[in-house]
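Inspection log for the structure reproduced underneath, given as structure tokens.
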Amino acid sequence: MEDYIEISTKQGRLKGLILESEGVSHKTYYSFQGIPYAKPPVDDLRFKDPEPFGKWNGVHDATMEGNDSLQKHIVFKNLLGDEDCLYLNVYTTQTGKENPNKAVMVWIHGGGFARGSGSTEVYGPDFLIEEDIVLVTINYRCGALGFLSLENKKLPGNLGLKDQVLALKWVQDNIASFGGDPDNVTIFGESAGGASVHYHLLSPLSKGLFHKAILQSGFALCQWAFQDKPREKAFLLARELGCTSQDPDTVLEFLMTVPAIDLVKTEDMVVLRTGREIIQKSGRLFIPCVEKSGDLQFLTASPHELMRTGKFHKVPIMMGITDEEGTLFLAIGMVNCDQVNSDPSVIVPLHLGIALDHEE
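Just so it is clear: in the sequence shown, position 146 is 146 by the UniProt record's numbering, and no numbers are missing.
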């Protein structure tokens, strides 16, 4: 028989689970899953900036995880998740009835900005929760639904990163109810999650929402973490789906009507087919970009330019790698060793600007 706990937040009452960690100390902790931090980004809210969920009546059941972002499984290619995906999870060993002074860690998952989630299937709380912190894991929009850009005011891009910003604002507003200190928040992530953390260091929208950062095997300066000419890629996606217009408004109107499942299915069909792009950008088209217009710009210049000019948040950071992470791409066939051996130019970094036929 499961034991339950209820707490109050600014959004309303939450019902969670009382569990025991599976680490060394078998510590009792409280689990609150599937908390909506934004309105479902569906129908008229597709391709829109996230909006706060607001309050609910009664007690919200937080005993089960919310939906993952709609995506293809990295190995089996079956569809997972849902367009309605803006949920987060909180794990803590105390509630706000006590002094809310625990350090807070917010995990941003990886997955090439195309897949992944903060679910316990991959990222359980059992080990970190034994370190006497409050752990938050979040979901955000991935793929075209989260990173399509038409380079205009209606769809400037980076919706998935703006989802993360709203989740961090939720933490500031509510984490004290879980015993966490809103003035001691560390954001951390791996791969695309690490790059996301770096982007928050560069974005004016994230200022004051965190106080430390850990970047694990991913940075905004990585070639796979930044796209140029995003409008061309949006047009390419629309064309694959049946719209040949070159007018951004017409393309957006069309993409608003396409079933979300079809958008996700088609993303892999519009991958730039050069071996160099597939290997160095992990085959992804829909990733962060500079926003050239819009009322709420997350990224105002390229990561290189922002770093060069010192326009980043000065907080303590830790940076590192995840050992042998790249072997995953060998296992799923994304990197072909024979291809690299026969044409070493495919691994020449794109940002060096070296032509493929250059003698270097």
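For every residue, glycine included, the Cβ atom is placed at its ideal position computed from N, Cα and C.
On a predicted model such as this, the values are computed, not experimentally measured, just so you know.
The residue from Phe254, Ser217 and Thr93 with its alpha-carbon nearest to that of tyrosine 30 is Thr93. C-alpha of glutamate 151 to C-alpha of glycine 320: approximately 33 Å in a straight line. Nearest neighbour of lysine 265 by Cα position, chosen from Lys207, Gly111, Leu202 and Lys77, turns out to be Lys77. In chain order, Val90, Pro100, Val104, Val134, Val136, Asp181, Pro182 and Val185 place their CB closer than 8 Å to the CB of isoleucine 175, counting only its own chain and leaving out the 5 sequence neighbours on each side. Secondary structure of asparagine 184 (DSSP, three-state): strand. Here methionine 307 carries a helix assignment [DSSP, helix/strand/coil].
Leaving aside the five residues that flank glycine 160 on each side, the residues in its chain whose CB is nearer than 7 Å to its CB run, in chain order, Phe113, Tyr140, Arg141, Cys142, Gly146 and Phe147. Between glycine 116 and serine 8, the CB-CB gap reaches or exceeds 9 Å.
Counting C-beta pairs with one atom in each stretch, the region 49-57 and the region 70-84 have fewer than three that are closer than 8 Å, which means they do not touch. For the 9 Å CB-CB criterion, proline 230 and glycine 157 form a contact. In this structure, phenylalanine 210 sits near valine 106, with a CB-CB distance shorter than 9 Å. Rounded to whole angstroms, the gap between the alpha carbons of lysine 169 and tyrosine 37 is 9 Å.
Only residues of its own chain outside the window of five on either side were considered, and among them none has a CB closer than 6 Å to the CB of cysteine 337.
Assignment of phenylalanine 32 by DSSP, reduced to helix, strand and coil, places it in the strand class. As the crow flies, the alpha-carbon of glycine 16 is around 43 Å from that of histidine 304. A contact is defined here as three or more CB-CB pairs under 8 Å, and the region 213-222 fails this definition with respect to the region 118-130.
For serine 8, the three-state secondary structure derived from DSSP is strand. Here phenylalanine 219 really is in contact with histidine 198; their C-beta atoms are around 5 Å apart, less than 8 Å. Annotated three-state conformation of lysine 162 is helix, per DSSP. Secondary structure within the region 120-168: the alpha helix (DSSP H) runs of 4 or more consecutive residues, fully enclosed, are 143-147 (chain order). Straight through space, the alpha carbons of aspartate 49 and glutamate 65 are spaced by roughly 23 Å.
The DSSP-derived three-state label of glutamate 190 is strand. By DSSP's assignment, glutamine 216 forms a beta bridge with Glu190 and Gly320. Between alanine 260 and isoleucine 138, the alpha-carbon positions lie close to 21 Å from each other.
In this structure, the CA atom of valine 258 is about 17 Å from the CA atom of serine 69. For histidine 60, the three-state secondary structure derived from DSSP is strand. Lysine 102 places its beta carbon 9 Å or farther from that of proline 248. Note on phenylalanine 127: under 16 other CB atoms within 10 angstroms of its CB, so exposed under the neighbour-count rule. Exclusion of the five residues before and after glutamate 20 leaves His26 and Thr28 as the residues of its chain whose Cβ lies within less than 6 Å of its Cβ.
For lysine 102, the three-state secondary structure derived from DSSP is strand. Counting along the chain, the unbroken beta strand (DSSP E) around arginine 13 starts and ends at 13-20. A distance below 8 Å between beta-carbons, with the five flanking residues on each side excluded, links asparagine 67 to the following residues of its chain, in chain order: Gly81, Asp82, Asp84, Cys85, Tyr87 and Asn139. For leucine 241, the uninterrupted alpha helix (DSSP H) segment begins and ends at 230-241. For threonine 266, the enclosing alpha helix (DSSP H) covers residues 260-267. Rounded to whole angstroms, aspartate 173 and glutamate 2 show a C-alpha spacing of 29 Å.
DSSP, read as helix, strand or coil, puts serine 177 in helix.
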